[in-house]
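Single-structure report; data block below.
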Amino acid sequence: NAGVTQTPKFQVLKTGQSMTLQCAQDMNHNSMYWYRQDPGMGLRLIYYSASEGTTDKGEVPNGYNVSRLNKREFSLRLESAAPSQTSVYFCASSEVPTQRADTQYFGPGTRLTVL
Amino acid sequence: AQSVTQLGSHVSVSEGALVLLRCNYSSSVPPYLFWYVQYPNQGLQLLLKYTSAATLVKGINGFEAEFKKSETSFHLTKPSAHMSDAAEYFCAVSDWGNYQLIWGAGTKLIIKP
């Protein structure tokens, strides 16, 4: 099993360009998440999808959109990239939470630089 | 609101010494508690988790953590540090009725030869 895969691994954009980060999981998980990681700030949730067909905003959703394409895939789109979006982006997945969140499984990350 | 505090953004220990990474949470109701490890340029990997069974939880790579309700703590320990333990460690909490993990800011563990 590949677990959670993310593409691309690295990306450099110019301010104003758009791009989509792809994420796929093969663990038959219902819930998927997008985080960004910045030095000294830990992980911050951008968007999540509790189940296929639903998406919700996290802590830092501004400037991003998401699509839960199917149960396996959850993409993150930057419509007009800004230097403040330079970060490492992680996708994660988990079983559908019952009474509370449970173990999340992470992809290897996408390192994005916006010039 | 639930919060997670990891004391020390950087912890430095000598190879062979005890590793102690601190995590405190704010919930009054025992939550689920997690420790994750992130090696350089990699994603996060689950080390161990507490789900209200045994208070002493053993994880991978010789790490363990003890849940102490009276102290609202879940500190991570390893008796003898190896160079390969150099990484960033994150504590996370899951509250009843909350479908998101609450993350600490992380502690970078540095191993001195």
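One line per chain: the protein sequences are A and B, in this order.
48 is the number of the first residue of the first sequence in the numbering used here; add one for each residue after it.
1209 is the number of the first residue of the second sequence in the numbering used here; add one for each residue after it.
The C-beta atom is built at its ideal place from N, Cα and C for all residues, glycine as well.
Please read these numbers as outputs of a predicted model, since none were measured by experiment.
inquiry  = Would you say A1205(B) lies against chain A (beta-carbon separation less than 9 Å)?
reply    = One cannot answer for residue 1205(B) here, as it falls past the ends of chain B, which runs 1209 to 1321.
key: Pick from L1226(B), S1222(B), Q1210(B) that is closest to H1283(B), judged by C-alpha positions   = H1283(B) has its Cα closest to that of L1226(B), out of L1226(B), S1222(B), Q1210(B).
request  = Look at the alpha carbon of S1288(B) and the alpha carbon of L1228(B), and state the distance between them as a whole number of angstroms.
outcome  = Answer to the nearest angstrom: the Cα atoms are 10 Å apart.
query = Looking at the C-beta of R119(A), does it have a partner C-beta in chain B at a distance below 9 Å?
reply = So, not an interface residue.
ask   = Which residues share a DSSP beta bridge with K1266(B)?
value = Answer is E1272(B), bridged to K1266(B).
Run of the beta strand (DSSP E) containing K56(A), from where it starts to where it stops = Where K56(A) is concerned, there is no enclosing beta strand (DSSP E), given that its DSSP letter is neither H nor E.
task = Return the Cβ separation of A139(A) and Y94(A) in integer angstroms, given the expectation that the two are a contact with Cβ distance under 8 Å.
result = So it is not a contact: roughly 12 Å between Cβ atoms.
query = Residue range of the beta strand (DSSP E) that R164(A) falls in?
reply = Outside the modelled stretch of chain A, which goes from 48 to 162, sits residue 164(A), for which no answer is possible.
Option nearest N112(A) by Cα separation, candidates L68(A), Q58(A), L159(A), Q53(A) = The residue with the shortest Cα to Cα distance from N112(A) is L68(A).
query = So which residues on chain B does Y95(A) lean against when the C-beta distance must stay under 9 Å?
reply = Within 9 Å Cβ-Cβ: Y1307, Q1308.
request  = Compute the Euclidean distance between the alpha carbons of Y1307(B) and S1234(B), then round it to the nearest angstrom.
outcome  = Their backbone Cα atoms lie some 17 Å apart in a straight line.
request  = Taking only the alpha-carbon atoms, compute the straight-line gap between V2(A) and L1264(B) and give it to the nearest angstrom.
outcome  = Chain A is shown only over 48 to 162; residue 2(A) falls outside these bounds and no answer can be derived.
query = Does the distance from the C-beta atom of T1280(B) to that of E1296(B) stay below 9 Å?
reply = Against a cut-off of 9 Å, the Cβ pair of E1296(B) and T1280(B) comes out as no contact.
key: R147(A), enclosing beta strand (DSSP E) - first and last residue   = Taken as a continuous stretch (DSSP letters only), R147(A) belongs to no beta strand (DSSP E), as it is neither H nor E.
query = Within the chosen definition, does the stretch 1261-1276 of chain B reach the stretch 152-159 of chain A through at least 3 CB pairs nearer than 8 Å?
reply = Touching, no, given that fewer than three Cβ pairs across the two stretches are closer than 8 Å.
ask   = Going along chain A, which residues have a C-beta under 8 Å from G1216(B)?
value = By Cβ distance, chain A contributes nothing, its closest Cβ being about 13 Å from G1216(B), past 8 Å.
Three-state secondary structure (DSSP) of M1291(B) = DSSP, read as helix, strand or coil, puts M1291(B) in helix.
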